[in-house]
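Take a look at the structure set out below.
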Amino acid sequence: MFRSMSHVRTESAARYINRLCKHWGHKFEVELSAERGFIDFGDSNCELLAHPDHVLLVLNSPDEDSLAHMQNVVADHLQRMASSESLEISWQAADS
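Structure follows, in structure tokens:
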């Protein structure tokens, strides 16, 4: 598995996690609590953790190509959920 992480500055982390999980819950298995979300995309998955000043995204994929693709998908959807706020989303490799 390949893993990447992103710390995205926002004061609305829990709200965005809620929106993403509800959006993807129609297609994928999701878990949602007040401060955490988990989305199982099949071969890939994403854990989202709410903090007071940021949301932590942890993405796992089976290969580098899938990881790069899912980074774009998750970033695009997160930005759409935060329509009124411009988010800076940059991914870093993480130990698996």
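Position one of the sequence shown corresponds to residue 118 (the numbering used here), numbered consecutively onward. All residues carry an ideal CB built from backbone N, CA and C; glycine is no exception. Given the structure is predicted, the values throughout are model-derived calculations rather than measurements.
- DSSP places ILE134 inside the alpha helix (DSSP H), whose first and last residues are 130 to 141.
- Just measuring C-alpha positions, the residue of GLU164, VAL172 and HIS171 sitting nearest TRP141 is GLU164.
- Take TYR133, set aside five residues on each side of it, and the residues of its chain with a beta-carbon closer than 7 Å to its own are THR127, VAL172, LEU195, MET198 and ALA199, in chain order.
- For HIS168, there is no enclosing beta strand (DSSP E), as DSSP gives it neither H nor E.
- Under the DSSP assignment, LEU149 falls in the beta strand (DSSP E) whose first and last residues are 146 to 149.
- If you draw a 10 Å sphere on the C-beta of ALA130, you find 16 or more other C-beta atoms in it, and that means buried.
- By the 16-neighbour rule on beta-carbons within 10 angstroms, GLY159 is exposed.
- 7 Å or more divides the Cβ of VAL191 from the Cβ of MET122.
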